[in-house]
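Working notes, structure below.
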Amino acid sequence: AQTVTQSQPEMSVQEAETVTLSCTYDTSENNYYLFWYKQPPSRQMILVIRQEAYKQQNATENRFSVNFQKAAKSFSLKISDSQLGDTAMYFCAFMKPRGGSEKLVFGKGTKLTVNP
Amino acid sequence: DGGITQSPKYLFRKEGQNVTLSCEQNLNHDAMYWYRQDPGQGLRLIYYSQIVNDFQKGDIAEGYSVSREKKESFPLTVTSAQKNPTAFYLCASNGGNYEQYFGPGTRLTVT
Chain A
80 AQTVTQSQPE MSVQEAETVT LSCTYDTSEN NYYLFWYKQP PSRQMILVIR
130 QEAYKQQNAT ENRFSVNFQK AAKSFSLKIS DSQLGDTAMY FCAFMKPRGG
180 SEKLVFGKGT KLTVNP
Chain B
251 DGGITQSPKY LFRKEGQNVT LSCEQNLNHD AMYWYRQDPG QGLRLIYYSQ
301 IVNDFQKGDI AEGYSVSREK KESFPLTVTS AQKNPTAFYL CASNGGNYEQ
351 YFGPGTRLTV T
């Protein structure tokens with residue numbers, strides 16, 4: 080079974096600075112997807128970024144980028160120019176393609192606080 | 251607007267009562283999911299359904315039941331057999347592009 084580990088329960092960063100959230104996973108699969116979800120105080124889960132394992136290029140979405148190291152099974156999220164609205168829980172998640180009923184396996188999350 | 255709705259946002263029940271949480275989507279997605287979230291925990295899968303009239307147990311299905319009579323609806327019943335039902339419950343759907351879309355969640359408190 081796949082497992083996802085987020086080793087930083089809490090982190091803080093000053094506004095406008097850069098922060099990196101760590102995620103490691105364990106799988107014997109070769110084809111899979113990785114995601115970072117954001118859960119602000121409203122508790123709505125919001126997809127931040129996704130990475131296909133077969134793509135070597137790291138995904139980027141505006142201020143968010145990942146460092147995907149497939150051999151090391153590492154998938155960290157970098158947030159540049161942090162904003163107060165980035166304050167949230169961040170969850171790393173793993174998905175194995177299964178033809179329509181894919182299940183997400185989540186880490187326990189990292190609580191990020193952006194300080195003014 | 252397309253999306254997933256969950257109602258109510260907050261739900262209170264007495265111990266020993268069954269309670270049903272609603273989840274509706276108008277995204278025309280086939281697959282739907284129920285997750286449970288506890289403090290300090292990630293989301294854990296309760297049940298999922300790939301098509302109408304079919305569903306499978308997730309990692310923590312004991313004490314829960316579901317139905318999938320319509321594509322748009324996937325209600326979750328928390329039964330009295332669930333030993334620790336107080337939690338935040340999230341419904342999601344998958345449109346086939348490997349991305350899951352989440353509803354706003356229901357906070358269930360059982361006393």
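Heads up: the protein sequence lines correspond to chains A and B, in order.
Start counting the first sequence at 80; every next residue gets the next number (our numbering).
Start counting the second sequence at 251; every next residue gets the next number (our numbering).
Built from N, CA and C at the ideal position, the CB exists for glycine as well.
Near the ligand HEM: residue i beta-carbon under 7 Å from a heavy atom
| i | result |
| --- | --- |
| N276 of chain B | The ligand HEM is absent from the structure shown, which contains no ligands of any kind. |
CB contact flag (residue i, residue j, <8 Å)
| i | j | result |
| --- | --- | --- |
| L113 of chain A | F173 of chain A | yes |
| S224 of chain B | Q256 of chain B | Since the displayed chain B opens at 251 and closes at 361, residue 224 of chain B lies outside it and no answer follows. |
| P104 of chain A | V83 of chain A | In the sequence on display, residue 104 of chain A carries Tyr and not Pro. Yes; because the gap between Cβ atoms is below 8 Å, this pair is in contact. |
| L277 of chain B | G252 of chain B | yes |
| I254 of chain B | G346 of chain B | no |
| I310 of chain B | D280 of chain B | no |
| Q123 of chain A | T189 of chain A | no |
| S161 of chain A | V193 of chain A | yes |
| V145 of chain A | I158 of chain A | no |
| F170 of chain A | Y133 of chain A | no |
| Y283 of chain B | Q350 of chain B | yes |
| Q81 of chain A | T106 of chain A | yes |
| C273 of chain B | F305 of chain B | no |
Beta bridge counterpart(s) of residue i as assigned by DSSP
| i | result |
| --- | --- |
| T146 of chain A | Position check: residue 146 of chain A holds Asn in this sequence, whereas Thr was assumed. In DSSP, N146 of chain A forms a bridge with A:S155. |
| E140 of chain A | A:F143 |
| T359 of chain B | B:F262 |
| Y351 of chain B | B:S343 |
| S194 of chain A | According to the sequence shown, residue 194 of chain A is Asn rather than Ser. Its beta-bridge partners are A:Q93. |
| S257 of chain B | B:S272 |
| L183 of chain A | A:M174 |
Anticipated Cβ contact below 8 Å, residue i with residue j, distance rounded
| i | j | result |
| --- | --- | --- |
| Y285 of chain B | P176 of chain A | 19 Å between Cβ atoms; not a contact. |
| L358 of chain B | L261 of chain B | 5 Å |
| L271 of chain B | T356 of chain B | 5 Å |
| S165 of chain A | L183 of chain A | Checking the sequence shown, residue 165 of chain A turns out to be Asp, not Ser. Not a contact, Cβ separation roughly 22 Å. |
| I195 of chain A | L163 of chain A | First, the residue type needs correcting, since residue 195 of chain A is Pro and not Ile in the sequence shown. Their Cβ separation, rounded to whole angstroms, is 6 Å, which keeps P195 of chain A and L163 of chain A in contact under 8 Å. |
| F143 of chain A | Q130 of chain A | The pair is not a contact, with the Cβ atoms about 11 Å apart (cut-off 8 Å). |
| V316 of chain B | P335 of chain B | Between P335 of chain B and V316 of chain B the Cβ distance is about 15 Å, and since that is not below 8 Å, they are no contact. |
Proximity test, Cβ basis, 8 Å: residue i and chain D
| i | result |
| --- | --- |
| E140 of chain A | Considering every chain present, this structure includes no chain D. Its protein chains are A and B. |
Item to check | the segment 266–273 of chain B / the segment 288–300 of chain B touching (three or more Cβ pairs under 8 Å) | outcome: no
Checklist entry - Any chance the segment 320–338 of chain B sits against the segment 82–95 of chain A, with 3 or more Cβ pairs inside 8 Å? => result no
Next on the checklist: Quick check for students: name the residue ranges of the beta strand (DSSP E) that lie wholly in the segment 101–137 of chain A, counting only runs of 3 or more.
Outcome noted: 103–105, 112–118, 125–131
Next on the checklist: Give the list of continuous alpha helix (DSSP H) stretches no shorter than 4 residues that lie fully inside the segment 259–326 of chain B.
Outcome noted: none
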